[in-house]
Amino acid sequence: MRLKGFLLLLALGLPLFGWGQKPEKPTSSEIYEDLRKLSFFGTALYVAAHPDDENTRMISYLANDVKARTAYLAITRGGGGQNLLGPEIRELLGVIRTYELLGARAADGGSQFFTRAVDFGFSKHPDETLQIWDKDDVLRDVVMNIRRYKPDIVINRFNHRTPGTTHGHHTASAMLSVEAFDMAGDPTIFPESAEKYGVWQPKRLLFNTSWWFYGSRENFEKADKTNLFAVETGNYFPATGLSNGEIAALSRSMHKTQGFGSTGSRGNQTEWLEFIKGDFPENKENLFDGIDTSWSRISGGEAVGAIVKEVTENFNFLNPSANVPKLLEAYQLLQKSPDSHWKTIKLDALQKIILDCSGIFLEARSNQQMVTFQSNPIVSVEAINRSNLNVKLNSVSATEFKFPDMFAAVTLAPNEGYNTESVNGSFNPVRQYTAPYWLSEQGSLGMYKVNQEDLIGLPEAPKRFPVNFSISINGVNMMVTKNVIHKYNDPVAGEVYQPFDVVPVVTTAIEEKVIVFPSAQSQTIPVLVTAGENNLEGTLRLQVPEGWSASPSSVNFKLMDQGESLRINIEVTPPSDQSEGYIIPEVTVGDQVYTKELIQIDYPHIPFLNVLVPSKAKVARISIDKRGERIAYVNGAGDAIPESLKQIGYEVTTLTPQELTAENLKSYDALVFGIRAYNTVAELEFKKEVVASYVEQGGNVIVQYNTSHRLVTDDFAPYPIQLSRERVTDEYAPVTLLKPEHPALNSPNKITAADFEGWVQERGLYFPSSWDSNYEALLEMKDEQASSPSQGSLLVAKHGKGHYIYTGLSFFRELPAGVPGAYRLFANLLSIGK
35 MRLKGFLLLL ALGLPLFGWG QKPEKPTSSE IYEDLRKLSF FGTALYVAAH
85 PDDENTRMIS YLANDVKART AYLAITRGGG GQNLLGPEIR ELLGVIRTYE
135 LLGARAADGG SQFFTRAVDF GFSKHPDETL QIWDKDDVLR DVVMNIRRYK
185 PDIVINRFNH RTPGTTHGHH TASAMLSVEA FDMAGDPTIF PESAEKYGVW
235 QPKRLLFNTS WWFYGSRENF EKADKTNLFA VETGNYFPAT GLSNGEIAAL
285 SRSMHKTQGF GSTGSRGNQT EWLEFIKGDF PENKENLFDG IDTSWSRISG
335 GEAVGAIVKE VTENFNFLNP SANVPKLLEA YQLLQKSPDS HWKTIKLDAL
385 QKIILDCSGI FLEARSNQQM VTFQSNPIVS VEAINRSNLN VKLNSVSATE
435 FKFPDMFAAV TLAPNEGYNT ESVNGSFNPV RQYTAPYWLS EQGSLGMYKV
485 NQEDLIGLPE APKRFPVNFS ISINGVNMMV TKNVIHKYND PVAGEVYQPF
535 DVVPVVTTAI EEKVIVFPSA QSQTIPVLVT AGENNLEGTL RLQVPEGWSA
585 SPSSVNFKLM DQGESLRINI EVTPPSDQSE GYIIPEVTVG DQVYTKELIQ
635 IDYPHIPFLN VLVPSKAKVA RISIDKRGER IAYVNGAGDA IPESLKQIGY
685 EVTTLTPQEL TAENLKSYDA LVFGIRAYNT VAELEFKKEV VASYVEQGGN
735 VIVQYNTSHR LVTDDFAPYP IQLSRERVTD EYAPVTLLKP EHPALNSPNK
785 ITAADFEGWV QERGLYFPSS WDSNYEALLE MKDEQASSPS QGSLLVAKHG
835 KGHYIYTGLS FFRELPAGVP GAYRLFANLL SIGK
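Sequential numbering of the sequence shown, starting at 35, is according to this note's numbering.
Quick look at the structure:
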């Protein structure tokens, strides 16, 4: 996606349907900016921990102002955070945030890389982080990314010298970068990537500091700045009509699942960089000082550079194709130079500029969005020359498709299209599905498992269905590769692009990912079976844990059409005692067994995504009692608590703020607020009296965690609560019952320390740091590194005839994960006083 077009869609608030597959259609000014960038030979790598950690202003400055090749290396894909847009968390959220990052880079002009590290949630110390991540493997990935990308300068977002003062992932990202800076140039360290990509020693390592790292603006003003560089990043770019600050804001606004919409800024803006190691520049105003950033970096490049300079100085904006003859001279000269890292980069960039100036449009599109290995899709090819240049199409070829032989080159007359189709029945794909590569194998808590080493570090796998167009322009031959896409016309959005994906012949899904059995009574579990091709026959079986049973043991089925689904009911019976495990649908078709679920993610700000994950659901036989029947729920930032409560027999109704009235609440036994409701639902500012009255009349209110930043009102509780960033990140941290006789810990379920076993990711987050004496703190817990324990995770106050409960315990993670103790405790909170 071209910068100007992409930013225009963002600025207008328009959906970006299929931006990941749409062809680029650059304007003359955009081509001119690419031409200017062609003559800068410098590379920068920005390093931080998560999506949204990157300084988009600095990345935009490097890419658009300096014209450097610029990439962001995010150590993780961000699956440990929250999702303001929908229910996806963990791995699926990591997929969404991967493509949000790609959208951010499309906006600010950078590229994107990763390691295999998993965002497992908040960590208080880098020692814990690096233990869970497997430091050696993550360091191996950082070194590999440096060797492959070959940056001249590396910039860290975080301070490597202050462990324990911020998120452990943040500090760890900087520590890894500092170590990798020296390792990348040593062939004895991680020799596999040294042999594959060559060793590389960046020129200097910098830390993108600010007054924030000094505690205050006053401290920063007084600090010694001998090793600091001031960089002006507030420049204005007439070609786009935007300032660097505006571009950066549009880039940051792509992090929509985090709620990081940002307002553009104009005027001078100073960024500060601290020198960490390498060669100290003589000219502190030039980050690339001492680095050859000219055409002389390529053998024989000066002659190429002279031609490019001439074209740049005399660029024809009204007729870009008039620039092509000279550019072709440069292209042929560059082809003759010895192979090198920079030759490959600049040859590709120069070819793209030539094609853009020529107005040549090439596309290969499938008539189907999803296919299987046995499918027979047809790929239509379009080629058109929108200039007066002598352009010929010599051939069209692909590994997975066969196209009709072209016995002679086809002249592409000005503005006259050429079209052809692949031979019916010629589809012959590599036996691999096109889902996110880092989820194809089961990983660990801290690391994704990637068997194809060529893919490590890449944001997504290179598209597997390239179509090669052999063309000539004024007699100069070049090969242009386009990946097969799918597109269709939407009545509202118009032309919509989607990826061309290979999926299994059959997929299965159990809609409820956690199924709670509060008694030994059996439940009917519907399994959705979906055909990936026509005329599908198979047999469904349901694997169950030891001690559980499924009836019938197998079901034969037949589906006539691709995309058709059939719901098959299986009766599952639990054991009498508490038990947990997974039920796994298996479908046998012929001699193949299929165990994948296909999840489709469709948000307008990212490409349409098909994600394959293991098809399974957790089942939990939990000895649990409850009181009350009807629960009112106010959605916050998005969680699956309502579905979880339905699992244990509650009738849950989601209320809008407008429906939050005294009259409506009379019929509910409890009122629950979703996570960050008081951060995200502005109307709640005016509902305090309604909520307080409901409690006074005997109702139970449970408010799940909020952050102190951007509360719609500080005065949301009947008695004062002071929120903080305090949290307990170790899911195994011991929990002490401060008031073991309190009703919330005894009725209707007796809560003990055993109920805090098996929790996932964390104990809780954003606990209050202080509270009114009317609240009783029921629990105490602390991380190993914490200096003192926290008592703010669960506060209960009597108010009138009812109870007001504030909790930072991570129920939004524990209930969807089927943690028995979390269900028992939440049932007690709903039942208190009844």
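Note that the Cβ used here is the ideal one computed from N, Cα and C, for glycine as well.
Quiz item: Is GLN165 helix, strand or coil when you go by DSSP?
Solution: Within the sequence shown, the letter at position 131 stands for residue 165. If DSSP states are grouped into helix, strand and coil, GLN165 belongs with the helices.
Quiz item: Any contact of the stretch 775–786 with the stretch 739–751, i.e. 3+ C-beta pairs under 8 angstroms?
Solution: no
Exercise. Name the two residues that bound the continuous alpha helix (DSSP H) containing MET288.
Key: Position 254 of the sequence shown, counting from 1, holds the residue named residue 288. Boundaries cannot be given for MET288, as no alpha helix (DSSP H) includes it and DSSP labels it neither H nor E.
Exercise. Just confirm the distance between the C-beta atoms of LYS158 and THR770, as a whole number of angstroms; I'd bet it's less than 8 angstroms.
Key: In the sequence shown, residue 158 corresponds to position 124, counting from 1. In the sequence shown, residue 770 corresponds to position 736, counting from 1. Their Cβ separation, rounded to whole angstroms, is 19 angstroms, which puts LYS158 and THR770 out of contact at 8 angstroms.
Quiz item: Does the distance from the CB of GLU796 to the CB of PHE156 come in under 8 angstroms?
Solution: The count along the sequence shown starts at 1 and reaches residue 796 at position 762. The count along the sequence shown starts at 1 and reaches residue 156 at position 122. The answer is yes: Cβ separation under 8 angstroms.
Exercise. Over the uninterrupted alpha helix (DSSP H) stretch that includes ASN698, give me the two end residues.
Key: As a first step, residue 698 must be located in the sequence shown, where it is residue number 664. Per DSSP, ASN698 belongs to the alpha helix (DSSP H) from 696–699.
Practice problem: Please list the segments of the beta strand (DSSP E) lying wholly inside the stretch 541–573, counting only runs of 3 or more residues, in order along the chain. | Solution: 548–551, 557–565
Quiz item: Do LEU164 and ASN242 have their CB atoms nearer than 8 angstroms?
Solution: Numbered from its first residue, the sequence shown carries residue 164 at position 130. Numbered from its first residue, the sequence shown carries residue 242 at position 208. No, these two residues do not count as a Cβ contact at 8 angstroms.
Quiz item: So does the stretch 285–298 actually touch the stretch 211–227, counting three or more Cβ pairs closer than 8 angstroms?
Solution: Because the criterion of three Cβ pairs below 8 angstroms is not met, the stretch 285–298 and the stretch 211–227 do not touch.
Exercise. Say whether the stretch 66–83 touches the stretch 179–191, bearing in mind that this needs 3 or more beta-carbon pairs closer than 8 angstroms, one atom from each stretch.
Key: Segments in contact, yes.
Exercise. Could you tell me which of ASP789, TYR840, THR786, HIS833 sits nearest to TRP805, measuring between CA atoms?
Key: Within the sequence shown, the letter at position 771 stands for residue 805. Nearest C-alpha to TRP805: TYR840.
Exercise. Check whether the stretch 805–815 touches the stretch 669–682, taking contact to mean three or more Cβ pairs, one atom from each stretch, closer than 8 angstroms.
Key: no
Practice problem: Taking all protein chains shown into account, decide if THR222 is buried (16 or more other Cβ within 10 angstroms of its Cβ) or exposed. | Solution: Here residue 222 is taken as the residue at index 188 of the sequence shown, counted from 1. Looking at its Cβ environment, which holds fewer than 16 other Cβ atoms inside 10 Å, THR222 is exposed.
Quiz prompt | Three-way DSSP call (helix, strand, coil) for SER865 in this model | solution = Along the sequence shown, one-based indexing puts residue 865 at 831. In this structure, SER865 counts as helix in the three-state DSSP scheme.
Exercise. Can you tell me which of ASP168, ILE709, ALA696, GLU663 puts its alpha carbon nearest to the alpha carbon of THR687?
Key: The residue labelled residue 687 in the question sits at position 653 within the sequence shown. Considering only alpha carbons, the answer is GLU663.
Exercise. Could you pull the start and end residues of the beta strand (DSSP E) that VAL129 belongs to?
Key: The residue you call residue 129 lines up with position 95 of the sequence shown. VAL129 -> not in any beta strand (DSSP E); alpha helix (DSSP H) instead, spanning 124–142.
Practice problem: Can you give me the Cβ contacts of MET178 inside the same chain, cut-off strictly under 8 angstroms, excluding the 5 residues immediately before and after it? | Solution: Mapped onto the sequence shown, residue 178 falls at position 144. Within the same chain, MET178 has close Cβ partners PHE224, SER227, TYR231, ILE490, GLY491.
Quiz item: Can you tell me the Cα-Cα spacing of ARG710 and ASP168, whole angstroms?
Solution: Along the sequence shown, one-based indexing puts residue 710 at 676. Along the sequence shown, one-based indexing puts residue 168 at 134. Going from the Cα of ARG710 to the Cα of ASP168 covers about 32 angstroms.
Quiz item: Taking the DSSP output, what are the residues bridged to LEU307?
Solution: Sequence index remark: in the sequence shown, residue 307 carries index 273 (1-based). PHE263.
Quiz item: Which ranges would you report for the beta strand (DSSP E) in the stretch 800–830 if only whole runs of at least 3 residues count?
Solution: Correct list: 809–811, 813–815.
Quiz item: If you run the structure through DSSP and keep just helix, strand and coil, what is GLU848?
Solution: Locating residue 848 in the sequence shown gives position 814, counting from the first residue. Correct three-state label for GLU848: helix.
Quiz item: Just the Cα atoms here: how many angstroms apart are PRO49 and ALA337?
Solution: Position 15 of the sequence shown holds residue 49. Position 303 of the sequence shown holds residue 337. Note that PRO49 has pLDDT 47, beneath the 50 cutoff, so the model's placement of it is unreliable and no number is given.
Exercise. List the endpoints of the continuous beta strand (DSSP E) containing ARG655.
Key: The residue given as residue 655 occupies position 621 in the sequence shown. Note, ARG655: beta strand (DSSP E), 651–655.
Quiz item: Would you report the Cα separation of LEU43 and PRO638, rounded to the nearest angstrom?
Solution: Numbered from 1 along the sequence shown, position 9 holds the residue referred to as residue 43. Numbered from 1 along the sequence shown, position 604 holds the residue referred to as residue 638. Residue confidence is low: LEU43 scores 46 on pLDDT, short of 50, so the model does not pin down where it sits. Its coordinate-derived value is still stated next. Distance between the alpha carbons of LEU43 and PRO638: 11 angstroms.
Quiz item: Does the beta-carbon distance from THR515 to PRO538 come in below 8 angstroms?
Solution: In the sequence shown, the residue the question calls residue 515 occupies position 481. In the sequence shown, the residue the question calls residue 538 occupies position 504. Not in contact: THR515 and PRO538 (Cβ atoms no closer than 8 angstroms).
Practice problem: Go through its chain and collect everything with a Cβ distance to SER244's Cβ below 8 angstroms, but skip five positions before and after it. | Solution: Taking the sequence shown and counting its residues from 1, one reaches residue 244 at position 210. Excluding sequence neighbours, SER244 sits near PHE254, GLU305, TRP306.
Quiz item: What first and last residue would you give for the beta strand (DSSP E) that runs through LEU705?
Solution: In the sequence shown, counting from the first residue as 1, residue 705 sits at position 671. 704–707 is the span of the beta strand (DSSP E), which, as asked, contains LEU705.
Exercise. Give every residue of the same chain whose Cβ lies closer than 6 angstroms to the Cβ of GLY334, excluding the five residues on either side of it in the sequence, and list them in chain order.
Key: By one-based count along the sequence shown, residue 334 stands at place 300. So the list reads SER371, once near-sequence residues are dropped.
Quiz prompt | Close Cβ partners of ALA45 (< 8 angstroms) along its chain, the five nearest in sequence each way excluded | solution = Here the question's residue 45 lines up with position 11 in the sequence shown. In this prediction, ALA45 has a pLDDT of 44, which is less than 50 and means its spatial position is unreliable; nothing more can be read from the coordinates.
Quiz item: Near TYR857, what residues of its chain come up, given a Cβ to Cβ distance below 7 angstroms and the 5 sequence neighbours on each side ignored?
Solution: Taking the first residue of the sequence shown as 1, we reach residue 857 at position 823. If we look at TYR857 and ignore the five residues flanking it on each side, its Cβ neighbours are VAL550, ILE656, ILE658, ILE682, LEU849.
Exercise. Counting only the same chain and skipping the five closest in sequence on each side, list residues whose C-beta sits under 7 angstroms from that of SER62.
Key: Mapped onto the sequence shown, residue 62 falls at position 28. Excluding sequence neighbours, SER62 sits near PHE351, PRO354.
Self-check item: C-alpha distance - GLY312 paired with ILE189, whole-angstrom precision
Solution: The count along the sequence shown starts at 1 and reaches residue 312 at position 278. The count along the sequence shown starts at 1 and reaches residue 189 at position 155. Using only the alpha carbons, I get a separation of about 12 angstroms.
Self-check item: Segment limits, alpha helix (DSSP H) that includes LYS71
Solution: As a position in the sequence shown, residue 71 is number 37, starting the count at 1. Note, LYS71: alpha helix (DSSP H), 62–72.
Self-check item: Terminal residues of the beta strand (DSSP E) in which ILE675 lies
Solution: Your numbering for residue 675 matches position 641 in the sequence shown. That residue, ILE675, is in no beta strand (DSSP E); its alpha helix (DSSP H) goes 675–681.
Quiz item: Any heavy atom of the ligand SAM within a distance shorter than 7 angstroms of the CB on THR291?
Solution: Ligands in the displayed structure: none, and consequently the ligand SAM is not present.
Practice problem: With a 10 Å radius around its C-beta and 16 neighbouring C-beta atoms as the bar for buried, classify LYS652 as buried or exposed. | Solution: As a first step, residue 652 is located in the sequence shown; it is residue number 618 there, counting from the start. LYS652 is buried by the Cβ-count criterion.
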